[in-house]
Amino acid sequence: MFVTLSGFYASGFLSFKHDKDWHFGDPGSSLKTSSVSRKVASTQLKVGKAMEEIQVKLGQSPAESLEEALYQLRSEHKKSSILLLEVAATLDIVQTYLLIKDLHPSFQAMASNLPKPDSLNGTTSTNSTIEQQAIKTAAEQKSDPASVVRSETTKVDMADPMTGEDEEKEEGEWAEEDELQSEKDPLVEYFEIEEIKKYIRSKYNRLGRKNFMGANATYASIGHACVSKKFELEQYMEYDVGEYCSDDWPLGQKLMVHGCDPLPRRRCFVRGPKIYTKPLPINESLWKLPDDRNVRWDNYICKSFGCLAGPNRKGFFKCGECFDLQGHEKPKWTEVTNTSTDADFMLEEVLQMKPGEIRIGLDFSVGVGTFAARMREHNITVASATLNLGAPFNELIALRGLLPLYLSPNQRLPFFDNTLDIIHTTLFLDGWIDHQLLDFILFDWDRCLRPGGLLWIDRFFSKKEDMDDYLYYFEQLRYKRWKWVVTPKVDKDDGELWFSAVLEKPPRPF
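The opening position of the sequence shown corresponds to residue 1 in UniProt numbering, with each subsequent residue numbered one higher.
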């Protein structure tokens with residue numbers, strides 16, 4: 001970090017000659033030298049300040065413990081990464097400016113040949129078209145085979161299409177400027193199905209300015225593993241627009257589980273059950289199996305809820321008895337049964353840890369929403385995140401009048417920071433999970449839990465020799481322990497253990 005920044009600073013690489021303001025041919029649009037210079041000066045100032053801080057820290061005494069040293073190292077690494085990204089962004093701005101400035105003589109001709117914009121009718125603004133055309137031409141003329149060719153370029157100082165006046169930018173806003181993808185985005189060109197290309201290509205705002213979200217365009221996202229799953233994704237996206245989709249949700253789920261998550265949106269109609277009957281009222285739906293006609297059974301081995309709840313169920317093994325709502329599900333978290341262990345906590349006991357404070361939460365488990373059903377009886381709203389692992393888990397959750405969240409373990413939770421009162425998990429985090437994946441998941445759950453929120457780990461199990469390694473990742477959260485139990489797993493021989501805990505997130509007001 002120190003060597004890199006010193007090189008930038010000492011060589012004057014971030015210096016920028018301040019000429020008089022240079023404008024495009026259209027007076028309503030301008031790339032101002034003063035703005036570029038202001039951004040460069042701001043970045044240079046930050047680099048200088050960072051170098052001073054490094055010099056001071058080099059003179060300080062070393063950390064007293066390994067833990068403190070690791071914390072300091074991570075903190076410095078994060079600061080360094082952010083600053084280097086800003087330096088790279090500044091250099092991109094300067095490069096773009098110089099490329100377009102070289103084309104200045106052609107701007108007058110381009111501006112005179114293009115039609116005037118009709119902003120009131122939503123026509124794309126002339127200045128936006130000029131800038132995009134110039135940037136594209138500049139990139140083609142100035143490309144260097146020996147250097148890395150970037151597929152994005154930064155738009156600067158856009159004029160307001162309604163007034164023709166320049167939008168003034170505050171210092172630091174340049175770092176947040178959107179990078180617009182070029183028409184030759186390598187990801188777009190990688191796929192052959194036109195519907196995928198249309199989906200992932202950037203969609204520029206029609207008014208040529210930032211929208212209410214602060215972006216110049218809308219950027220569709222797909223999971224990075226969609227590239228390695230090209231054949232399956234193109235099969236999934238091959239349909240006639242406006243017609244019925246294939247009944248291929250298993251293919252979509254396979255893509256999600258293998259990292260192609262999020263999936264692209266599709267412009268076809270999902271197929272529904274042949275005869276859909278009215279769902280049961282909420283006072284009946286929680287503990288009664290719904291009408292079989294409300295589910296499409298084509299992709300399941302069992303073709304009815306009766307099959308799933310009976311002794312001859314087929315097609316799934318995780319949560320094997322959970323479709324038996326009355327016999328297997330209803331006693332959960334409320335009654336002690338002959339199979340209960342010290343790892344089974346009662347719901348009332350947990351709620352009394354935070355009386356009146358638990359209102360909303362998430363259950364990330366393999367199940368049919370029974371935890372959410374029990375919480376609903378206490379006027380607590382819980383979303384149930386699960387996949388359809390050989391049976392209609394999501395359909396049954398919804399038909400019970402609960403909220404299903406169709407998520408894979410690969411995906412970041414769609415909740416804002418510090419918002420949930422409780423996160424519960426069972427039959428999901430087991431001894432199969434990679435340590436680093438568990439680490440990422442736990443930190444994401446920590447992000448979503450509010451200060452004082454509860455993390456309920458319900459019967460996590462692994463081999464005896466692996467349990468201590470897994471417990472480390474829960475301990476590193478430094479949560480308050482309300483309950484913490486490790487006990488033998490009674491349904492197996494002595495080779496496995498249960499781990500259950502109720503943990504409280506600390507305030508962390510730093």
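Here a beta-carbon is modelled for each residue, glycine too, at the ideal position from N, C-alpha and C.
>> Out of S365, I422, L420, L497, which one is the CA nearest neighbour of P409?
In response: Here residue 409 refers to the residue found at position 409 when the sequence shown is read from its first residue. Restricting attention to S365, I422, L420, L497, the CA atom closest to the CA of P409 is found in S365.
> If you draw a straight line from the alpha carbon of D466 to that of D491, how long is it in whole angstroms?
Replying inline: The residue you call residue 466 lines up with position 466 of the sequence shown. The residue you call residue 491 lines up with position 491 of the sequence shown. Note on geometry: alpha-carbon atoms of D466 and D491 lie some 18 Å from one another.
>> Tell me whether the region 420-433 and the region 351-368 touch, counting them as touching only if at least three CB pairs, one residue from each stretch, are closer than 8 Å.
In response: Taking 8 Å as the limit for Cβ pairs, the verdict is that the region 351-368 does touch the region 420-433.
>> By the three-class DSSP mapping on this structure, what secondary structure does L437 have?
In response: By 1-based counting over the sequence shown, the position of residue 437 is 437. Here L437 sits in helix by DSSP.
> Considering only residues of the same chain and omitting the five flanking positions on each side of T43, which have a CB-CB separation below 8 Å?
Replying inline: In the sequence shown, residue 43 corresponds to position 43, counting from 1. The residues are L14, E86, V87, T90.
> Whole alpha helix (DSSP H) runs in the region 348-433 with 4 or more residues, listed along the chain?
Replying inline: 370-376, 393-399
> Which residue from E496, P451, R38 puts its Cα closest to that of F510?
Replying inline: Residue 510 sits at position 510 when you count from the first residue of the sequence shown. Out of E496, P451, R38, P451 has the C-alpha closest to the C-alpha of F510.
>> Does the structure place the region 467-476 close enough to the region 381-395 that three or more beta carbon pairs sit under 8 Å?
In response: no
> With respect to the beta strand (DSSP E) encompassing F499, which residues constitute its N-terminal and C-terminal limits?
Replying inline: For this step, residue 499 is matched to residue 499 along the sequence shown. Taken as a continuous stretch (DSSP letters only), the beta strand (DSSP E) holding F499 covers 496-504.
> Starting from W484 and walking both ways along the beta strand (DSSP E), at which residues does that stretch end?
Replying inline: In the sequence shown, the residue the question calls residue 484 occupies position 484. Its beta strand (DSSP E) spans residues 480-488.
> With burial defined as no fewer than 16 other Cβ atoms inside 10 Å of the residue's Cβ, what is the status of K463: buried or exposed?
Replying inline: By 1-based counting over the sequence shown, the position of residue 463 is 463. K463 is exposed by the Cβ-count criterion.
>> DSSP three-state label for L454, please.
In response: Taking the sequence shown and counting its residues from 1, one reaches residue 454 at position 454. The answer is strand: DSSP assigns L454 an E or B state.
> Can you tell me the Cα-Cα spacing of L230 and F191, whole angstroms?
Replying inline: Residue mapping note: residue 230 aligns to position 230 of the sequence shown, counting from 1. Residue mapping note: residue 191 aligns to position 191 of the sequence shown, counting from 1. The question names Leu, yet the displayed sequence has Lys at residue 230. Their backbone Cα atoms lie some 7 Å apart in a straight line.
>> With H, G and I counted as helix, E and B as strand and the rest as coil, what does DSSP make of F345?
In response: Position 345 of the sequence shown holds residue 345. Correct three-state label for F345: coil.
> Which residue comes first and which comes last in the alpha helix (DSSP H) that contains Y219?
Replying inline: As a first step, residue 219 is located in the sequence shown; it is residue number 219 there, counting from the start. No alpha helix (DSSP H) holds Y219; DSSP gives it neither H nor E.
> Can you tell me whether DSSP reads R267 as helix, strand or coil?
Replying inline: On the sequence shown, position 267 is the one that residue 267 refers to. Here R267 carries a coil assignment [DSSP, helix/strand/coil].
>> Classify R412: buried if its beta carbon has 16 or more other beta carbons within 10 angstroms, exposed otherwise.
In response: For the purposes of this step, residue 412 is identified with residue 412 of the sequence shown, where counting begins at 1. With fewer than 16 Cβ atoms within 10 Å of its Cβ, R412 is classed as exposed.
>> Can you tell me whether E189 is buried or exposed? The criterion is at least 16 other CB atoms within 10 Å of its CB, across all chains shown.
In response: Translated into positions along the sequence shown, residue 189 becomes position 189. So E189 counts as exposed.
> To the nearest whole angstrom, what separates the beta carbons of I397 and I380, a pair I think is in contact under 8 Å?
Replying inline: Locating residue 397 in the sequence shown gives position 397, where the first residue counts as 1. Locating residue 380 in the sequence shown gives position 380, where the first residue counts as 1. 16 Å between Cβ atoms; not a contact.
> How far does the alpha helix (DSSP H) with residue 511 in it reach, from first residue to last?
Replying inline: The requested residue 511 is not part of the displayed model; the chain covers only 1 to 510.
> How would you call I301, buried or exposed, if buried means at least 16 neighbouring beta carbons within 10 angstroms?
Replying inline: In the sequence shown, counting from the first residue as 1, residue 301 sits at position 301. Per the 10 Å Cβ criterion, exposed.
> Pairing CB atoms from the region 322-336 with CB atoms from the region 367-374, are three or more of them under 8 Å?
Replying inline: By the C-beta criterion, the region 322-336 is judged to be in contact with the region 367-374, since at least 3 inter-stretch pairs fall below 8 Å.
> What residue from F305, E53, R209, V56 has the CA that sits closest to V295's CA?
Replying inline: Counting from one through the sequence shown, the residue named residue 295 turns up at place 295. The candidate whose alpha carbon is nearest that of V295 is F305.
>> Does R459 come out as helix, strand or coil in the three-state DSSP assignment?
In response: Translated into the one-based positions of the sequence shown, residue 459 becomes position 459. In this structure, R459 counts as strand in the three-state DSSP scheme.
> Do the CB positions of A217 and S202 come within less than 7 Å of each other?
Replying inline: On the sequence shown, position 217 is the one that residue 217 refers to. On the sequence shown, position 202 is the one that residue 202 refers to. Yes, the Cβ-Cβ distance between A217 and S202 is below 7 Å.
>> Using only the alpha-carbon positions, how far apart do T339 and K489 sit?
In response: The sequence position of residue 339 within the sequence shown is 339, counting from 1. The sequence position of residue 489 within the sequence shown is 489, counting from 1. Near 11 Å, if we compare the C-alpha coordinates of K489 and T339.
> What do you get for P290, buried or exposed, if any count of 16 or more other CB atoms within 10 angstroms of its CB means buried?
Replying inline: As a working note, residue 290 is residue 290 in the sequence shown. Under this definition P290 is a buried residue.
> Buried or exposed: which applies to residue 515, given that a residue is buried once 16 or more other Cβ atoms fall within 10 Å of its Cβ?
Replying inline: Nothing in the structure corresponds to residue 515, since the chain is present only between 1 and 510.
> So what's R150 in DSSP terms, helix, strand or just coil?
Replying inline: Residue numbering aside, residue 150 sits at position 150 when the sequence shown is read from its first letter. Unreliable positioning characterises R150 in this predicted model, as indicated by a pLDDT of 35, which lies under 50. The coordinate reading is nonetheless provided below. It is coil, neither helix nor strand.
> Out of V40, V56, A63, Y71, which has the shortest C-alpha to C-alpha gap to K83?
Replying inline: Counted from its first residue, the sequence shown places residue 83 at position 83. Residue identity check: residue 83 is Leu in the sequence provided, not Lys. When only C-alpha atoms are compared, the closest one is V40.
> Do you know whose CA, among L286, S246, F269, lies nearest residue 521's CA?
Replying inline: The structure shown does not extend to residue 521, since the chain is modelled only from 1 to 510, so the question has no answer here.
> Out of N394, F393, L403, which has the shortest C-alpha to C-alpha gap to V382?
Replying inline: Here residue 382 corresponds to residue number 382 of the sequence shown, with the count starting at 1. Per the Cα distances, L403.
> Under three-state DSSP, which class holds E199?
Replying inline: Stepping through the sequence shown from its first residue, residue 199 is reached at position 199. Correcting the residue identity first, residue 199 is Tyr in this sequence and not Glu. Here Y199 sits in helix by DSSP.
>> As a quick exercise: from V257, E232, R374, pick the residue whose alpha carbon is nearest that of L286.
In response: As a position in the sequence shown, residue 286 is number 286, starting the count at 1. Residue R374 is the option with its Cα nearest to L286.
> By Cβ distance, which residues of its chain are closer than 7 Å to W174, with the 5 residues on each side in sequence left out?
Replying inline: Within the sequence shown, numbered from 1, the residue matching residue 174 stands at position 174. At W174 the pLDDT is 35, less than 50, meaning the model places this residue with poor confidence and gives no usable figure here.
>> For a test of the three-state rule: what should DSSP assign to Y276, helix, strand or coil?
In response: Taking the sequence shown and counting its residues from 1, one reaches residue 276 at position 276. Reduced to three states, the DSSP call for Y276 is coil.
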